[in-house]
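> Let me begin by handing over the structure; questions about it come next.
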Amino acid sequence: MQELENQLHQLQKESKTEAENLQKSYKAVQSMVKTVHDKEKQIQQLTTLLEEKEDELEQNKQELHAATMKKYQGLEDQQLQLSDKDNKIAQMEGDIKIKDLENQKLQKSLARKASEIERLQEQLEKLDEVIKHKEESVQDLQEKLHEEKEKGVDKLEAQEQQYQVLSDDAQRQLQSKEKVIQRLSKSLKEKDRQLQEYLDKEQSLTPKSESKDSLISKLRERLAERDKAVEEAIEEKFRALEEKDNEIRGLKMSLRERERDIERANQMLLNSEETIDSLENKATWAEEQQQEMLDKMRTALSEKDKTIESLVESAREKDKLFRQIHDSQPPSISPSKLAELHRLRDEVSRLKNDLQNKEDLIERLRMARNRSPKHSITYDSPDSESLNAELKLKEKALKDALQAHKQTKEELDQLKQQLAGGGVDVDELRRLRIEVVQLREEVDRPGTPQRQQITVGGEEN
Numbered sequence: 001m002q003e004l005e006n007q008l009h010q011l012q013k014e015s016k017t018e019a020e021n022l023q024k025s026y027k028a029v030q031s032m033v034k035t036v037h038d039k040e041k042q043i044q045q046l047t048t049l050l051e052e053k054e055d056e057l058e059q060n061k062q063e064l065h066a067a068t069m070k071k072y073q074g075l076e077d078q079q080l081q082l083s084d085k086d087n088k089i090a091q092m093e094g095d096i097k098i099k100d101l102e103n104q105k106l107q108k109s110l111a112r113k114a115s116e117i118e119r120l121q122e123q124l125e126k127l128d129e130v131i132k133h134k135e136e137s138v139q140d141l142q143e144k145l146h147e148e149k150e151k152g153v154d155k156l157e158a159q160e161q162q163y164q165v166l167s168d169d170a171q172r173q174l175q176s177k178e179k180v181i182q183r184l185s186k187s188l189k190e191k192d193r194q195l196q197e198y199l200d201k202e203q204s205l206t207p208k209s210e211s212k213d214s215l216i217s218k219l220r221e222r223l224a225e226r227d228k229a230v231e232e233a234i235e236e237k238f239r240a241l242e243e244k245d246n247e248i249r250g251l252k253m254s255l256r257e258r259e260r261d262i263e264r265a266n267q268m269l270l271n272s273e274e275t276i277d278s279l280e281n282k283a284t285w286a287e288e289q290q291q292e293m294l295d296k297m298r299t300a301l302s303e304k305d306k307t308i309e310s311l312v313e314s315a316r317e318k319d320k321l322f323r324q325i326h327d328s329q330p331p332s333i334s335p336s337k338l339a340e341l342h343r344l345r346d347e348v349s350r351l352k353n354d355l356q357n358k359e360d361l362i363e364r365l366r367m368a369r370n371r372s373p374k375h376s377i378t379y380d381s382p383d384s385e386s387l388n389a390e391l392k393l394k395e396k397a398l399k400d401a402l403q404a405h406k407q408t409k410e411e412l413d414q415l416k417q418q419l420a421g422g423g424v425d426v427d428e429l430r431r432l433r434i435e436v437v438q439l440r441e442e443v444d445r446p447g448t449p450q451r452q453q454i455t456v457g458g459e460e461n
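Okay, so the sequence shown: first residue is 1 according to UniProt numbering, each after it adds one.
Laid out in structure tokens, this is it:
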């Protein structure tokens with residue numbers, strides 16, 4: 001019993017230590033999630049600033065278009081205006097590059113935070129296994145305590161029966177001794193009375209003989225023997241009573257010890273139940289934290305989708321600007337510039353395909369998540385791994401979109417330089433614009449082979 005108590009105390013101490021470690025891990029996870037949330041806010045702010053810069057760039061490009069329409073009214077004024085606009089655009093491009101670097105740093109920090117979250121998830125999984133093992137140990141101890149309690153109750157009942165038997169036996173012996181003492185006392189009184197009568201008769205007789213003296217001495221000896229027998233009987237009675245009292249005291253002490261053991265066992269059982277309740281509450285809290293973290297990760301994926309969509313929209317706006325420039329001024333495009341335009345067209349098409357693939361993958365993840373039970377989502381579930389992988393894919397797509405945005409701005413600079421340089425081939429530019437529009441229509445048309453290449457796992461993204 002003492003060994004079981006020591007084991008239970010040790011398990012409770014270990015459970016308390018593990019619970020404290022679990023609390024620290026949860027606090028660390030919450031801190032990491034908060035940091036990730038702050039970084040996402042910074043990324044969103046930078047994206048908003050980038051959109052504002054792009055709006056300014058769009059406005060400047062519109063002003064550039066108006067200036068080119070007035071080219072024949074004053075070439076020198078137009079050159080000065082173009083130079084001023086180029087300086088502004090260069091300054092804005094420098095700002096955008098700085099923001100891009102900051103965005104890359106934030107993305108690296110986000111990746112580090114994601115790896116830290118994965119590590120904490122592994123620690124939480126290990127802690128869950130330890131808690132499960134502790135619960136099994138507590139259950140085994142409870143079963144042993146229940147068995148010991150039943151054995152103690154059986155022994156207590158047996159000792160109570162033995163105590164009752166001994167008590168009845170002692171009572172019977174005591175009653176028997178009382179009867180013997182009463183009988184001896186009654187006989188002694190009768191003999192005393194007879195002796196007193198005899199002595200009275202002897203005293204009334206004057207002559208005294210030796211036979212009478214000897215008879216008296218014999219009677220006295222017999223009386224002494226009777227007194228001695230009575231004393232021995234009384235002493236034996238007291239010894240028997242003392243022995244029975246000792247046995248009764250021993251049985252009472254044994255009963256009190258058994259009662260204390262049963263009380264300690266009940267207290268240990270209550271403590272074990274409280275420990276189990278506490279562990280269950282902590283496990284429930286851990287599941288809630290896991291669900292909250294998964295929701296935040298889904299929110300982060302949604303923010304990445306919005307960023308990619310905004311960048312794609314920006315690319316479309318730049319295509320629109322290209323068409324406006326082509327319609328307003330007939331620039332001359334060299335073969336190298338023509339190749340750059342084709343490459344830009346391919347980049348826009350690829351970015352659209354990537355966005356569509358991401359949207360399809362997110363839709364499949366939503367469908368799979370709706371089919372699975374809510375409570376089955378854990379940190380080590382396939383949904384969590386898919387979300388982590390999807391977050392990395394979104395970051396990669398964001399980098400690609402930023403790179404495409406930079407390339408588009410470079411193409412715009414080259415076209416502006418050509419506008420400032422001189423004559424252009426109108427037919428060639430119109431033919432290129434028609435090809436770009438046709439290719440864009442093919443990309444946007446549903447059921448294209450590019451959309452049909454989407455795999456279940458999103459491996460062709």
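Ideal placement from N, C-alpha and C gives every residue a C-beta, glycine not left out.
(1) Using the C-alpha atoms, what's the distance from Q291 back to Q30?
(2) Are L22 and K134 closer than 8 Å when you measure CB to CB?
(3) According to the Cβ coordinates, are K61 and D95 closer than 8 Å?
(4) Taking all protein chains shown into account, decide if E302 is buried (16 or more other Cβ within 10 angstroms of its Cβ) or exposed.
(5) Which residue from Q107, M92, L80, H9 puts its Cα closest to that of Q42?
(6) Skipping 5 residues on each side, what residues in its chain have a beta carbon closer than 7 Å to that of E40?
(7) Please state whether the Cβ-Cβ distance between E58 and E309 is less than 8 Å.
(8) Does the Cβ-Cβ distance between H37 and K296 come in under 8 Å?
(9) Please classify P373: does DSSP put it in a helix, a strand, or coil?
(10) Do you know offhand how far A116's Cα is from Q139's?
(11) Taking 7 Å as the limit between beta carbons, can you name the residues of its chain near E63, skipping five residues before and five after?
(12) Only counting the same chain, and skipping five residues up and downstream in sequence, which positions put a Cβ closer than 7 Å to that of A170?
(13) DSSP on P382, reduced to helix/strand/coil?
(14) Count the other CB atoms, across all protein chains shown, that sit within 10 Å of the CB of S272; report buried if there are 16 or more and exposed otherwise.
(15) Using 8 Å as the threshold, is the stretch 154 to 168 in touch with the stretch 223 to 232, meaning 3 or more CB pairs across them?
(16) So M32 and K113 are supposed to be a Cβ contact under 8 Å. How far apart are they, rounded?
If we stick to the structure as given:
(1) 12 Å
(2) no
(3) no
(4) First, the residue type needs correcting, since residue 302 is Ser and not Glu in the sequence shown. It counts as exposed.
(5) Q107
(6) A300, E303
(7) no
(8) yes
(9) The predicted position of P373 is uncertain, since its pLDDT is 41 and thus under 50; a value taken from the coordinates is nonetheless stated next. Of the three classes helix, strand and coil, the one that applies to P373 here is coil, per DSSP.
(10) Here the sequence assigns Glu to residue 116, which means Ala is not the residue at that position. Taking the straight line from one Cα to the other gives about 35 Å.
(11) Here the set comprises K85.
(12) K244
(13) Reliability of the predicted coordinates at P382 is poor, the pLDDT of 49 falling under 50, and no value is obtained from them.
(14) Buried.
(15) These segments do not touch.
(16) 6 Å
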